[in-house]
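Peer 1: Those protein sequence lines, which keep their order, are chains A and B. So the first sequence is numbered by the numbering used here: it starts at 1 and just counts up by one. So the second sequence is numbered by the numbering used here: it starts at 1001 and just counts up by one. Take a look at the following structure, please.
Protein chains: 2
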Amino acid sequence: MKVEYINPFVEASQNIIRQTTGLDPVLGSIYTKDIPKKGEHVAVLIGITGSIQGTVIMSFKKPLACKIVSFMLGGMPVPELDEIAKSAIAELCNMILGNTASIFSQKDIGVDITPPTVLTGENMQFSPAKSVTVCVPLEFEDGDTMDIDIIHKVS
Amino acid sequence: MKVEYINPFVEASQNIIRQTTGLDPVLGSIYTKDIPKKGEHVAVLIGITGSIQGTVIMSFKKPLACKIVSFMLGGMPVPELDEIAKSAIAELCNMILGNTASIFSQKDIGVDITPPTVLTGENMQFSPAKSVTVCVPLEFEDGDTMDIDIIHKVS
């Protein structure tokens, strides 16, 4: 995957997280990930079509997801990932990918995104077919990490 | 969701399963499903953009997934859902949605699909945001059911 295809994801995710939560995650080392992937506790999936075809999986451990939602809600305690909290985290990821698509469109690269699906479970394993996964890790204070996996089709 | 938007999924899934496995599943009663959804053991996710925006989740219990793959491979025993078997089930679902998209295109309804992602895990729960889920159940002999959940955005 060309680096100019990765930058919009980085830019959008850092901007949107900063704007909606006030948190300021630092970009870790971007790497290509082996598949199948062991999922974290919470994953938000958004499909991409157009110039990039694939799926973006944003995954968090439950405490980080709760913390992000708490900051989105102005500091309200979020002890559990209930339906409202899941809806908030879905909206955050939707805003990140929507913003990513806008940045691509400014570069005349057309991509379309699906609505988000939040997935929780245990021992989740993703096996994308004929794809390469680029992982963009965002590191929060306290050592929490949100992984943005860009799974894109190999043509 | 209009009924003319559901029929292409039904037609494509029955045709492709018949062609690739020789099995002939019967259409059960189509219904609207509550969300969040408890996933089965194996789920294949494919995103849709264009005139329909959403995600299609095809879910099976593990024995049915193995049986379908076995029939796809001409009767070869498939005791476990290893990477090859997952790849086969992903391809089946990709063909079903590809065929669905072709039928839509013949009706001048433009939809684009993402590549498939196979998901396995326990206690999986899908929480699609602001969506309606229409479930198309395909019933195989022996009482096995494959659910095709069409999760589409409510505008």
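Built from N, CA and C at the ideal position, the CB exists for glycine as well. Given the structure is predicted, the values throughout are model-derived calculations rather than measurements.
#1: In whole angstroms, what separates the C-alpha of B/Ala-1090 from that of B/Pro-1116?
#2: In the DSSP assignment, what residue or residues form a beta bridge with B/Ser-1131?
#3: How many whole angstroms separate the CB atoms of A/Thr-133 and A/Ile-151, which I take to be in contact at a CB cut-off of 8 Å?
#4: How many Å lie between A/Ala-101 and A/Ile-113 at the Cα?
#5: So the beta strand (DSSP E) B/Ile-1057 belongs to, where does it begin and stop?
#6: Below 9 Å on C-beta distance, what does B/Met-1001 contact in chain A?
#7: How about the stretch 1008-1026 of chain B and the stretch 1135-1142 of chain B: do they share at least three Cβ pairs that are nearer than 8 Å?
#8: Under the rule that 16 or more other beta-carbon atoms within 10 Å means buried, what is B/Ser-1059, buried or exposed?
#9: What number of angstroms, rounded off, separates the C-alpha of B/Ile-1030 from the C-alpha of A/Asn-15?
#10: Are the Cβ atoms of B/Glu-1122 and A/Glu-122 separated by less than 7 Å?
#11: Residues in its own chain within less than 7 Å of B/Lys-1130 by CB, not counting five upstream and five downstream?
#12: With 7 Å as the threshold, decide whether the Cβ of B/Asn-1123 is near any Cβ in chain A.
#13: To the nearest angstrom, how far is the alpha carbon of B/Gly-1075 from that of B/Asp-1147?
#14: Given a threshold of 16 other Cβ atoms within 10 Å of its Cβ, counted over all protein chains shown, does B/Gln-1053 qualify as buried or as exposed?
#15: When DSSP labels each residue in this structure, what does A/Val-78 get in the three-state scheme?
Peer 2: In terms of the structure at hand:
#1: Each residue's alpha carbon lies about 6 Å from the other.
#2: DSSP lists B/Lys-1153 as partners of B/Ser-1131.
#3: Approximately 5 Å separates the beta-carbon atoms of A/Thr-133 and A/Ile-151; this is inside 8 Å, confirming the contact.
#4: Spanning the two alpha carbons is a distance of roughly 8 Å.
#5: Residues 1054-1060.
#6: Under the 9 Å cutoff, chain A gives no residues; its nearest Cβ is about 14 Å from B/Met-1001.
#7: Touching, yes, given that three or more Cβ pairs across the two stretches are closer than 8 Å.
#8: Counting Cβ neighbours within 10 Å, B/Ser-1059 comes out buried, since at least 16 surround it.
#9: Cα-Cα distance, rounded: 42 Å.
#10: When the beta-carbon positions are compared, B/Glu-1122 and A/Glu-122 come within less than 7 Å of each other.
#11: Lys-1153 and Val-1154.
#12: Chain A contact via Cβ: present.
#13: Looking at the two C-alpha atoms, the distance is approximately 23 Å.
#14: Here B/Gln-1053 is buried: its Cβ has 16 or more other Cβ atoms, across all protein chains shown, within 10 Å.
#15: Three-state result, A/Val-78: coil.
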